[in-house]
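Asker: Top to bottom, those sequences are chains A and B. Our numbering puts the first residue of the first sequence at 41, with every later residue one more than the last. Our numbering puts the first residue of the second sequence at -3, with every later residue one more than the last.
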Amino acid sequence: MRIITKVWLMLVAVALANGAVLAASFTSSLDRDTMTLGEQATLSLKFEGVQPQDAPAIPHIDGLQFQYVGPSSSFSFINGQTSSSVTYSYVVTADREGQFTIPGMRANVGGQMLTCGALRLIVTKVNAPSAADVATGKDPAFMKLSLPRNKVYVGEPMLGRLELYLRDDVQGINGFQLTSSPTDGFQAGKASEIQGARRRSQVGNRVYTIIPLSLPLTAVKSGQLTVGPFTANVMVGLPSSNQGGDPFFRQFFSQTEQKQVALTTEAINVESLPLPEQNKPANFTGAIGNFTMTATAGPTNVTVGDPITVRVQISGTGALDSLTLAPQDSWHDFKTYPPTTKQENSDQFGFQGTKTFEQIISPENSDVHEIPALSFSFFNPDDGQYHTLTQPAVGLTVKAAGSTPLPNLANSKPATQENQPAQDIGPIKEKLGTLSLNSTPLIAQPAFLAMQGVPVLAFLAAFVWRKRTDNLANNPRLRRRRAVAQLMANGFADLKKYAAANQPDEFFATLFRLLQEQLGERLDCPASAITENVVEEHRILRNAPPDVRDALREQFQLCNQARYAPVRGTSELNSVATQFEKLIGQLQELKA
Amino acid sequence: MKLNCRSLIADCRFERPLRKLSGFLVTLVLAIVPATNIFAADAAADFSSANELYAKGKFAEAAAIYEGILRTNGLSASLLFNCGNAEFKAGHLGKAIAAYRRAELLTPGDAELRANLAFVRTQVQGNTLRESRWRNWAGALTLNEGALLTAVLFWVAMGLLTVRQIRPALTPKLRAATRLVIVFVIFSGTVLVLQAANHFASSVAVVTDGEATARSGPFDDAQSAFTAHDGVEMRVTDRHDDWVQVSDGSGRIGWFSKKQVEVSPGA
């Protein structure tokens, strides 16, 4: 790659040095100036000595289509003179015959304005091959259009037939495309090949492969109508005319050349007739073709309001898509629901098959004894007559049901209807109900989530309470400590009461008892066993702070003295009570 | 009541502002209560007139009134149900399915609603989302009903546990009941979590724009990915501004403008 670039640069440098680079130019050309409708021509826009950035835009020309193919470039170095060019190619196709002019174009390349000349292109109409041409096998391919008849009724469907003939030496085709298919006054479907119908046939002196295509057509207006001429374009592979060399090798290495062939058919005139008004049945809804009808209804033993399914099958040939069942006027004693339809085609165009109508009806009173006769009318184009098919009435037993409501198809499932699909939606609701503006789900509302914490907190509180209660029950010392603490709290109040009432006997008796209870709890011994001696004898009190020991001794002595020399006066008793309360506090802090 | 309020605040040093505030609140309450009733009465009247239009076969007009009530007065299951009916009769499969789906969030057990939704779905062409069996099963209760049921069971379970702490003597008698309720709590809680995940993390887009073209990216100029018919339901897999990325019943992925679809929670 690098070598190629160097060579290229060297050549350009040499050319510039010689001053022999050709002047810039812009030319346009067509590979042919005449073509038939359906063929393609190639337009080339050539730039010499300059390199445009983009492909030039082609002006719009009515009747011609341009499709950009791509660029190609060339470089030459002859006798010291260099030249380079870029060519942009376009495929040209025509929509109609006529004489067209491709105008001169201007291109701005690197600030240099270049122009090219106008071109003329003549597009001629393609004629269907003559019988002589067909007989001699002149054309490698041709096309034929045929219709089953030249007289149709408005709304009558028919299948047109398009046949592509390929000469026996054609080795393959590619890109078959209908370029024009005028079907004025007809509604045309998509042409498609009839599967498995290819055949070979002798035509004149040559054998042809015939590929048949079907084209569904339905006349939509009356009068003289024309179908065609259809035009198409196809690439055929033919043996190369330039095949030199050894015939032995030629049979193994045969070459083919692609040839573009424009095809056209003859136009066919068709007379489209309006449907006759004479003898037209009242219940005719536009069905055209040839049909048969079967109908069933069930159940036939019902209560007023019960649903009955009427199933009507219409089979035959005709426009099944547009087939409808006329309203049955004789069903006035029944509530009817819109029918559902199902279509089963036996051909690919929907012109043959069976259409099934299912209708739910329900008797509105018990006087109904039969489902009335059901009729269907159609127009048969083969004999030009209207026909009416009738199914006889079906006997019905209807029982009264008092206030039995009409069936709600969406809701109720009677035993006989269990496997029947719903035919329509259920009725609307009469009551509005409660309107709600807040559609936030509960679990996204903080208040709702917070509320779920209440039972959790209640449980945790009960759990803690239970633990504390259990601890107390399993710990006698703790229980005694709490009982003594409660006793002290009550005792302090009693002491103050006795002090206020100046009752020294009761005061000191209570004080001594409280002192025994508190010391008994601290020392873990019976309260009755507590005397003044424990201050000196018990290990805990021996290790107690001296002021506590002194206060204890003092309290015991006060109790002893009170027996012999009672203390008098409320203030004195209050002072003792205060000291006692302080002592009890100190004792409760002692480690047991 | 007003006099009592005044006497209570008479000695307060903020008497004047409080009196103003209480007056404002009383006025507000007196204004809001009748206004609410007026709005409800208007909605009921509009609802009835829409029902009459529906009965006369003027489905598009009825649908417009139902939607007006939804916009201004709030929603109810009946309103959404009727709106779905009117949209279906007017030929708007997607809007009908979207309304039914919203109604299903409020009353998932409504047999008529389920039947209508199932019927409308049968009319939809193309690959549409089919809810899995467990989603249908979990959707038998609304999210709120599931939350309330779980909350009640949870309160009962915690109540039994609390009673057992307070009255240990009852523990043997309550043991079986407590275990049973706890099992129910775990079960309904699991279902609720699945429901909530489906509701909040999963959304469904319903095509409401006739034949809508999905794009390969969230912008108008993106290449066409596939086309979905009116009423096709698809799982929402991503969102970007006014675009939602969806996956249809056959696994194709594409972006729809929010104008083309209506997005609703998964259940």
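All C-beta atoms, glycine included, are put in the ideal place defined by N, C-alpha and C. Bear in mind that the values here come from a model prediction, so they are computed numbers and not experimental data.
1) On a Cα-Cα basis, can you pick out the residue from B:H225, B:G142, B:A92 that is closest to F180 of chain B?
2) So with Cβ pairs under 7 Å, would you call R146 of chain A a contact of chain B?
3) Which bits of chain B does S476 of chain A rub up against, with CB to CB less than 9 Å?
4) Within its chain, find whatever has a CB closer than 6 Å to the CB of I234 of chain A; leave out the 5 residues flanking it on each side and keep chain order.
5) Which whole-angstrom value is the C-beta distance of V174 of chain A and L278 of chain A, which I expect to be below 8 Å?
6) How about V132 of chain A and V109 of chain A: do their beta carbons lie closer than 7 Å?
7) Could you round the C-beta distance between G200 of chain A and L187 of chain A to whole angstroms and report it? I think they count as a contact, below 8 Å.
8) In the structure shown, what three-state DSSP assignment does I468 of chain A receive?
9) Quick one: what's got a C-beta closer than 7 Å to Q685 of chain A's C-beta in the same chain, skipping five residues either side?
10) Use the C-beta contact count for R160 of chain B: other C-beta atoms within 10 angstroms, 16 or more gives buried, fewer gives exposed.
11) Assuming contact is defined by CB atoms lying nearer than 7 Å, are S312 of chain A and G263 of chain A in contact in what I supplied?
12) Shorter than 7 Å from the beta carbon of F161 of chain A to some beta carbon of chain B?
13) Check each candidate in A:N405, A:E384, A:E404 and name the one with the smallest Cα separation from F397 of chain A.
14) Do A584 of chain A and L630 of chain A have their C-beta atoms closer together than 7 Å?
15) Using 8 Å for Cβ pairs, my map puts A99 of chain B next to F84 of chain B. What's the rounded Cβ distance?
16) In terms of residue numbering, what span does the alpha helix (DSSP H) encompassing Y377 of chain A cover?
17) For F1 of chain A, go through chain B and note every residue whose CB falls closer than 8 Å to its CB, in chain order.
18) Using a 10 Å radius around the Cβ and a threshold of 16 neighbouring Cβ atoms, would you call H100 of chain A buried or exposed?
19) Can you name the start and end residues of the beta strand (DSSP E) that T271 of chain A belongs to?
20) When you compare only the Cα positions, how much space is there between Q626 of chain A and F499 of chain A?
21) So that I know if they touch, is there some Cβ in chain B lying closer than 7 Å to that of P256 of chain A?
22) Measure the beta-carbon distance from A617 of chain A to A539 of chain A and round it to whole angstroms, keeping in mind my assumption that it falls under 8 Å.
23) Quick one: which chain B residues come within Cβ less than 9 Å of L512 of chain A?
24) Report yes if the CB atom of S312 of chain B is closer than 7 Å to the CB atom of R117 of chain B, and no otherwise.
25) What does the alpha-carbon distance come out to for the pair D387 of chain A and G229 of chain A?
26) DSSP beta-bridge partners for W239 of chain B?
27) Cα-Cα, which of A:G157, A:P403, A:A272 is closest to I348 of chain A?
28) Nearest to K72 of chain A by alpha carbon, out of A:F66, A:A63, A:L83, A:A64?
29) How long is the line joining the alpha carbons of F115 of chain A and Q256 of chain B, rounded to whole angstroms?
30) From A5 of chain A to G144 of chain A, what distance separates their C-alpha atoms?
31) Helix, strand or coil for L436 of chain A per DSSP?
32) Taking the alpha carbon of A73 of chain B as the point to measure from, which residue in B:P104, B:G227, B:K54 has its own alpha carbon closest?
33) Just how far apart, CA to CA, sit D135 of chain A and D422 of chain A?
34) Are there any heavy atoms of the ligand FMN lying less than 6 Å away from the beta-carbon of G250 of chain B, as far as the coordinates show?
35) In three-state DSSP terms, what is V202 of chain B?
36) Tell me which same chain residues have a C-beta within less than 6 Å of the C-beta of T258 of chain A, skipping the five on either side of it?
Answerer: Per the coordinate set shown:
1) As a position in the second sequence, residue 180 of chain B is number 184, starting the count at 1. That would be B:G142, whose Cα lies nearest to the Cα of F180 of chain B.
2) Mapped onto the first sequence, residue 146 of chain A falls at position 106. False, the Cβ-Cβ gap to chain B never drops below 7 Å.
3) For the purposes of this step, residue 476 of chain A is identified with residue 436 of the first sequence, where counting begins at 1. Correct list: G70, L71, S72, L102.
4) For the purposes of this step, residue 234 of chain A is taken as the residue at position 194 of the first sequence. Cβ neighbours of I234 of chain A beyond the five flanking positions: P252, S254.
5) On the first sequence, position 134 is the one that residue 174 of chain A refers to. On the first sequence, position 238 is the one that residue 278 of chain A refers to. Contact between V174 of chain A and L278 of chain A is absent: CB atoms are separated by about 17 Å, not below the 8 Å threshold.
6) Along the first sequence, one-based indexing puts residue 132 of chain A at 92. Along the first sequence, one-based indexing puts residue 109 of chain A at 69. Against a cut-off of 7 Å, the Cβ pair of V109 of chain A and V132 of chain A comes out as no contact.
7) As a working note, residue 200 of chain A is residue 160 in the first sequence. As a working note, residue 187 of chain A is residue 147 in the first sequence. Under the criterion of beta carbons closer than 8 Å, G200 of chain A and L187 of chain A qualify as touching, at roughly 5 Å.
8) Translated into the one-based positions of the first sequence, residue 468 of chain A becomes position 428. Coil at I468 of chain A, not helix or strand.
9) The first residue shown for chain A is 41 and the last is 632, placing residue 685 of chain A beyond what the model contains.
10) Working through the second sequence from its first residue, we reach residue 160 of chain B at position 164. So R160 of chain B counts as buried.
11) Counting from one through the first sequence, the residue named residue 312 of chain A turns up at place 272. Counting from one through the first sequence, the residue named residue 263 of chain A turns up at place 223. Yes, Cβ-Cβ distance for S312 of chain A and G263 of chain A is below 7 Å.
12) Looking up residue 161 of chain A in the first sequence gives position 121. Per the sequence presented here, residue 161 of chain A reads as Leu, with Phe not at that position. Not one chain B Cβ lies under 7 Å of L161 of chain A.
13) Position 357 of the first sequence, counted from the first residue, corresponds to residue 397 of chain A. Considering only alpha carbons, the answer is A:E384.
14) The count along the first sequence starts at 1 and reaches residue 584 of chain A at position 544. The count along the first sequence starts at 1 and reaches residue 630 of chain A at position 590. In this structure, A584 of chain A places its C-beta atom within 7 Å of the C-beta atom of L630 of chain A.
15) If you number the second sequence from 1, residue 99 of chain B lands on position 103. If you number the second sequence from 1, residue 84 of chain B lands on position 88. Contact between A99 of chain B and F84 of chain B does not hold, since the beta-carbon distance rounds to 13 Å and is not under 8 Å.
16) On the first sequence, residue 377 of chain A is found 337 positions in, with the first residue counted as 1. That residue, Y377 of chain A, is in no alpha helix (DSSP H); it is neither H nor E in DSSP.
17) What the structure shows of chain A is the stretch from 41 to 632, and residue 1 of chain A is not part of that stretch, so it cannot be assessed.
18) To locate residue 100 of chain A, count along the first sequence from 1; it is residue 60. Exposed.
19) Along the first sequence, one-based indexing puts residue 271 of chain A at 231. For T271 of chain A, the enclosing beta strand (DSSP E) begins and ends at 271 to 279.
20) Taking the first sequence and counting its residues from 1, the one referred to as residue 626 of chain A is at position 586. Taking the first sequence and counting its residues from 1, the one referred to as residue 499 of chain A is at position 459. So the two alpha carbons sit approximately 38 Å from each other.
21) Translated into the one-based positions of the first sequence, residue 256 of chain A becomes position 216. Not closer than 7 Å to any Cβ of chain B, the Cβ of P256 of chain A fails to qualify, so no.
22) Locating residue 617 of chain A in the first sequence gives position 577, where the first residue counts as 1. Locating residue 539 of chain A in the first sequence gives position 499, where the first residue counts as 1. Right, their Cβ atoms sit about 6 Å apart.
23) Taking the first residue of the first sequence as position 1, residue 512 of chain A is located at position 472. Contact note: L512 of chain A does not reach chain B at a C-beta cutoff of 9 Å; the least C-beta distance is about 14 Å.
24) Nothing about residue 312 of chain B can be reported from this structure: the residues present for chain B run from -3 to 263 only.
25) Taking the first sequence and counting its residues from 1, one reaches residue 387 of chain A at position 347. Taking the first sequence and counting its residues from 1, one reaches residue 229 of chain A at position 189. Each residue's Cα considered, the two are about 14 Å apart.
26) Position 243 of the second sequence, counted from the first residue, corresponds to residue 239 of chain B. As computed with DSSP, W239 of chain B is found in a beta bridge with B:H236, B:S253.
27) Residue numbering aside, residue 348 of chain A sits at position 308 when the first sequence is read from its first letter. Selected option, being the one with the closest Cα: A:P403.
28) The residue you call residue 72 of chain A lines up with position 32 of the first sequence. With the sequence shown as reference, residue 72 of chain A is identified as Arg, and Lys is not the correct amino acid for it. Of A:F66, A:A63, A:L83, A:A64, the smallest CA-CA separation from R72 of chain A is found for A:L83.
29) Stepping through the first sequence from its first residue, residue 115 of chain A is reached at position 75. Stepping through the second sequence from its first residue, residue 256 of chain B is reached at position 260. Per the coordinates, the alpha-carbon of F115 of chain A lies some 56 Å from the alpha-carbon of Q256 of chain B.
30) For residue 5 of chain A there is no data in the structure shown, the boundaries of chain A being 41 and 632.
31) The residue given as residue 436 of chain A occupies position 396 in the first sequence. Look at L436 of chain A here: in three-state DSSP terms it is coil, with no helix or strand label.
32) Stepping through the second sequence from its first residue, residue 73 of chain B is reached at position 77. Of B:P104, B:G227, B:K54, the residue nearest in Cα terms is B:P104.
33) As a first step, residue 135 of chain A must be located in the first sequence, where it is residue number 95. As a first step, residue 422 of chain A must be located in the first sequence, where it is residue number 382. Cα to Cα, the separation comes out at about 38 Å.
34) Only the bare structure without any ligand can be found here, which leaves the ligand FMN out of the picture.
35) For the purposes of this step, residue 202 of chain B is identified with residue 206 of the second sequence, where counting begins at 1. Residue state, collapsed to three classes: strand.
36) As a working note, residue 258 of chain A is residue 218 in the first sequence. Excluding residues within five positions, the ones whose Cβ falls inside 6 Å are P197, Q227.
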